[in-house]
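K.L.:
Chains as they are written, first to last, in the numbering used here: chain A, 2 to 336; chain B, 2 to 336.
Positions of the beta carbon are idealized from the N, C-alpha and C atoms, including for glycine.
Pasting a structure below so you can have a look.
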């Protein structure tokens with residue numbers, strides 16, 4: 002019996018927020034795996050702001066998804082067929098499976114997941130690319146010292162919420178910027194941030210002055226726009242700005258920080274950072290993050306939407322409407 | 002007999018280019034020096050783009066010049082009276098004398114100049130703040146390796162023309178951005194840049210692609226605006242952007258680089274830099290720059306306007322109308 006696969010393919014390059022017509026949902030027979038390939042049934046899809054940038058033509062840190070190609074996505078699933086000696090049916094694995102029900106892929110791009118370490122969705126969040134981005138971006142680029150102040154924008158998101166927690170673990174103060182009172186309360190009361198500022202209602206600059214009287218030593222920016230400008234305006238001497246994302250800019254005509262010369266005033270450094278460069282050190286990061294999860298110092302938060310491959314386009318928009326809290330995941334319903 | 006001093010004071014904070022009414026020229030008796038003070042007759046005034054930023058209120062890397070205060074300026078002059086054991090009448094000195102004919106100042110802020118090393122104006126240019134800015138900014142922050150490509154904006158200016166030459170001395174390729182065919186020809190034929198791009202007529206991005214096929218490893222930016230964006234678009238992996246100035250932005254509503262996320266694409270670093278932080282290492286820089294001048298590897302270029310203190314406002318505008326080549330200096334006419 003032929004297995005039918007469902008795929009979400011890029012149909013057009015979006016202008017602004019992706020529309021339904023920018024996608025094509027396709028059902029077609031799954032090809033047989035070749036030598037060295039495995040077949041994975043995808044159980045969870047990681048929904049990331051960076052996805053929006055992968056849909057644009059032009060130079061970026063990864064090649065753009067081509068028109069007609071399956072949308073790029075990380076996922077966790079289980080092996081249902083293997084022609085690679087390193088994997089067997091039933092293995093839980095993570096990898097860049099794409100937005101589809103089944104992936105036929107080389108075993109080389111796939112990582113075994115230890116289900117005993119944490120539930121499968123956590124391997125896409127705190128123990129996945131999000132956690133690793135927070136870990137290496139904050140510690141390798143931001144380098145917070147104990148007692149220093151770390152500002153995180155997009156603080157209630159999958160990366161931001163972990164950045165703040167690692168800052169605390171390392172003895173720094175964590176200030177978050179997020180959208181909405183509920184998210185801010187969650188950040189302070191449940192996640193352990195020292196302060197959280199609601200960018201929708203607060204005077205960002207005034208609040209940063211209150212919460213960072215001696216300036217910001219590390220600014221982990223996921224957002225760009227007004228949040229970036231407010232942070233730059235408050236940098237401490239010798240500050241490090243970690244450029245991780247610019248979610249406020251992905252669907253708009255991008256604008257740069259008008260006060261970028263504050264980098265000169267503060268003798269500060271702004272560094273762009275891509276997690277894929279740290280692939281060789283992922284095991285180190287996962288081991289440390291898992292240990293912090295085990296001791297309870299780190300809290301993982303997933304925001305799981307249950308649906309089908311065809312629900313991907315709508316789920317992606319959750320990242321841009323401000324409702325999402327923690328790691329957004331599309332859980333594909335079991336058959 | 003009382004000596005009359007002429008001063009140029011800040012009368013109002015300019016909007017855009019400084020107007021005549023933003024200045025006040027004052028003639029008043031020179032006070033007697035106190036203990037530890039010296040009296041300097043100023044012979045040469047350094048005219049710098051940063052002066053425009055010192056006239057603005059608000060947070061910067063130095064306090065703003067106050068309304069009614071003598072305009073801040075570096076100068077070279079000779080001591081005519083000394084109550085400081087370290088100086089004697091006739092000594093040639095440099096220091097932050099301000100835009101005035103005579104400065105009564107503490108000896109502590111003043112440096113002796115060796116007239117045998119180079120003519121007095123050179124001590125404001127290649128052997129002064131401009132040369133030191135190029136030296137420490139390029140070598141300490143930019144860190145070009147032999148064979149790498151260095152891009153300099155404002156390349157025909159006092160700092161930029163030296164940055165390109167030091168890049169060449171260190172075995173790197175130097176590409177300049179400047180305004181006008183004449184400046185570009187001068188940069189290539191006389192100063193030794195490998196290429197120069199006229200931002201007024203060229204397609205900047207296309208020209209950078211031609212002249213930096215493997216990307217830009219070090220970008221020394223004096224200009225901001227379109228030049229900054231064009232350079233960011235062409236960064237090589239791991240590039241260093243040295244933020245030294247933003248002369249295109251000083252008289253306009255500032256705008257940030259819309260493509261600042263190219264720092265992420267290139268895994269690049271943008272660092273703000275203030276020469277005053279290197280004060281303890283000035284002697285090292287002056288010694289090396291003087292040696293390169295002596296061997297002929299470095300060429301100093303001054304653009305000297307002869308006039309009075311009252312000519313300062315008009316001379317300053319030369320920096321922003323694109324006519325100036327090399328170090329702009331106002332030489333005060335001898336009595």
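(1) Count the C-beta pairs between the segment 314-328 of chain A and the segment 3-14 of chain B that are closer than 8 Å, then say yes if the count reaches three, no if not.
(2) Ignore the nearest five residues each way along the sequence and tell me which others in residue 81 of chain B's own chain have a CB closer than 8 Å to its CB.
(3) On the three-pair Cβ rule with 8 Å, is the segment 108-117 of chain B touching the segment 263-272 of chain B?
(4) With 7 Å set as the bound, which would you pick, yes or no: does the beta-carbon of residue 256 of chain A sit closer than that to a beta-carbon of chain B?
(5) Around the Cβ of residue 151 of chain A, are there at least 16 other Cβ atoms within 10 angstroms (buried) or fewer (exposed)?
(6) From the DSSP output, in three-state form, read off residue 258 of chain A for me.
(7) Just how far apart, CA to CA, sit residue 291 of chain A and residue 128 of chain A?
(8) At 4 residues or longer, and completely inside the segment 216-278 of chain B: list those alpha helix (DSSP H) runs for me, N to C.
(9) Quick one: any contact between the segment 323-331 of chain A and the segment 294-308 of chain A, if contact means 3 or more CB pairs under 8 Å?
(10) Would a check of beta-carbon distances place residue 271 of chain B closer than 7 Å to chain A?
(11) Would you say residue 162 of chain A lies against chain B (beta-carbon separation less than 7 Å)?
(12) Decide if the segment 219-234 of chain A is in contact with the segment 179-197 of chain A; the criterion is three or more beta carbon pairs, one per stretch, under 8 Å apart.
(13) State the CB to CB distance for the pair residue 156 of chain A and residue 142 of chain A, rounded to an integer number of angstroms; the pair is presumed to be in contact (CB under 8 Å).
(14) Below 8 Å on the Cβ atoms is my guess for residue 261 of chain A versus residue 257 of chain B; work out the distance and round it to an integer in Å.
(15) In angstroms with no decimal places, state the Cα-to-Cα distance between residue 85 of chain A and residue 97 of chain A.
(16) At what residues does the beta strand (DSSP E) containing residue 95 of chain B begin and finish?
(17) 7 Å is my cut-off, CB to CB: does residue 266 of chain A come that close to chain B?
(18) Any C-beta of chain A within less than 8 Å: which residues of the segment 44-62 of chain B qualify?
(19) CB-CB under 7 Å to residue 237 of chain A, same chain, minus the five flanking residues each way: which ones, in chain order?
(20) Against residue 260 of chain B, what residues of chain A qualify as contacts under a CB-to-CB distance less than 8 Å, listed in chain order?
(21) Which full runs of the beta strand (DSSP E) of 3+ residues lie inside the segment 25-78 of chain B, going along the chain?
(22) Taking its Cβ as the centre, do 16 or more other Cβ atoms sit within 10 Å of residue 22 of chain A, making it buried, or is it exposed?
(23) Run through chain A and tell me which residues come within less than 8 Å of residue 274 of chain B, C-beta to C-beta.
(24) When you compare the CB positions of residue 224 of chain A and residue 248 of chain A, do they come within less than 7 Å of one another, or not?
(25) If you draw a straight line from the alpha carbon of residue 165 of chain A to that of residue 308 of chain A, how long is it in whole angstroms?
(26) Within 10 Å of its beta-carbon, does residue 46 of chain B have 16 or more other beta-carbons around it, so buried, or fewer, so exposed?
(27) Which residue's Cα is closest to the Cα of residue 206 of chain A: A/235, A/36, A/226?
(28) Would you give the residue range spanned by the alpha helix (DSSP H) that residue 292 of chain B belongs to?
(29) Provide the residue span of the beta strand (DSSP E) that contains residue 151 of chain B, from first to last.
(30) Starting from residue 212 of chain A, follow the alpha helix (DSSP H) in both directions and report where the run begins and ends.
(31) Find the residues of chain A that neighbour residue 247 of chain B, judging by a C-beta separation of less than 7 Å, and give them in chain order.
(32) Give a yes or no on whether the minimum CB-CB distance between residue 318 of chain A and chain B is below 7 Å.
(33) My understanding is that residue 38 of chain B touches residue 105 of chain B, with C-beta atoms under 8 Å, so please give their C-beta distance in whole angstroms.
(34) Interface residues of chain B around residue 278 of chain A at Cβ under 7 Å?
(35) Is the beta carbon of residue 53 of chain B less than 7 Å from the beta carbon of residue 200 of chain B?
(36) Residue 244 of chain B CB to nearest chain A CB: under 7 Å?
P.N.:
The short version:
(1) no
(2) 40, 41, 42, 90, 103
(3) no
(4) yes
(5) buried
(6) coil
(7) 7 Å
(8) 226-233, 263-266
(9) yes
(10) yes
(11) no
(12) no
(13) The Cβ separation is near 17 Å, so there is no contact.
(14) 5 Å
(15) 17 Å
(16) 93-96
(17) yes
(18) 60, 61, 62
(19) 215, 216, 217, 218, 267
(20) 255, 257
(21) 38-47
(22) exposed
(23) 265, 268
(24) yes
(25) 30 Å
(26) buried
(27) A/235
(28) 283-296
(29) 150-154
(30) 205-212
(31) 262
(32) no
(33) 6 Å
(34) 268
(35) no
(36) yes
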